[in-house]
Amino acid sequence: MELDLACRRCPLSEGRTNVVFPDGDLDSTVCFVGEAPGRNEDMQGIPFVGRAGKMLDRLLAEEGLPRERVMITNTVKCRPPNNRVPTKGERAACFPYLEAELIGKRVVIALGRTACSNLLRREVKLADEANTVIRARIGEAEVDLIPAYHPMACLLNLDARESLRRTIRDVKRYLP
0 MELDLACRRC
10 PLSEGRTNVV
20 FPDGDLDSTV
30 CFVGEAPGRN
40 EDMQGIPFVG
50 RAGKMLDRLL
60 AEEGLPRERV
70 MITNTVKCRP
80 PNNRVPTKGE
90 RAACFPYLEA
100 ELIGKRVVIA
110 LGRTACSNLL
120 RREVKLADEA
130 NTVIRARIGE
140 AEVDLIPAYH
150 PMACLLNLDA
160 RESLRRTIRD
170 VKRYLP
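At the far end of the sequence shown sits residue 175, using numbering that gives the first Met the number 0, and the numbering has no gaps.
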């Protein structure tokens, strides 16, 4: 399913500036999936360009994995009002787009509880599941899914930052 610039599948479309498309290497076998676009992402139409994106870029660079070698996207493609968590209905409306984006991926890093829960279709406690490899069915394929802390959490919590750093280090083995 190709992402639609005029998408009206859910109420999030009413307040958006831009549909936020995936960024990086769309053919990469590695994909980072966040929760939803924030204000900066909505303005630029690119995921992870605000404070959380700068943290992600920094960790990727420090671990020798350029952003250009991975794909980065979100569970929903439009910014929720006041950066609230997207509802289950909003996530379900965007899920066909996300499923299509993840075709051919070997590993998906789910950044934060919302992305993890959306992709695993169950509640997730990151303290227990971060950095574990879980075989998950997404569409017609199975992929390795790794729950990870969201980069925004890494701005405030050094343990979360080190955990995400370890995730990034580990996923490099999935690249050709």
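Glycine included, every Cβ here is placed at the ideal spot set by N, Cα and C. The structure displayed is predicted, hence computed values, not measured ones.
C-beta atoms of residue i and residue j nearer than 8 Å
i	j	result
Arg105	Tyr173	yes
Pro46	Val69	no
Glu34	Pro95	no
Counted within 10 angstroms of its Cβ, other Cβ atoms place residue i as buried (16 or more) or exposed
i	result
Glu161	exposed
Glu122	exposed
Val132	exposed
Lys124	exposed
Ala114	buried
Whole-number beta carbon distance between residue j and residue i, since they are thought to touch under 8 Å
i	j	result
Leu97	Ala109	Wrong, their Cβ atoms sit about 11 Å apart, outside the cutoff.
Glu141	Arg134	5 Å
Pro21	Thr72	4 Å
Of the listed residues the options, nearest to residue i (C-alpha basis)
i	options	result
Arg168	Arg15, Ile145, Leu154, Ala152	Ile145
Leu154	Gly52, Ala126, Cys77, Thr74	Gly52
Arg120	Lys76, Glu1, Arg136, Arg50	Arg136
Asp143	Arg165, Val107, Cys9, Met151	Val107
Asn82	Glu100, Gly14, Tyr148	Gly14
Arg90	Cys9, Pro80, Leu2, Pro175	Cys9
Along the chain, which unbroken stretches of the beta strand (DSSP E) at least 3 residues long are found entirely within the region 105-143?
106-110, 133-137
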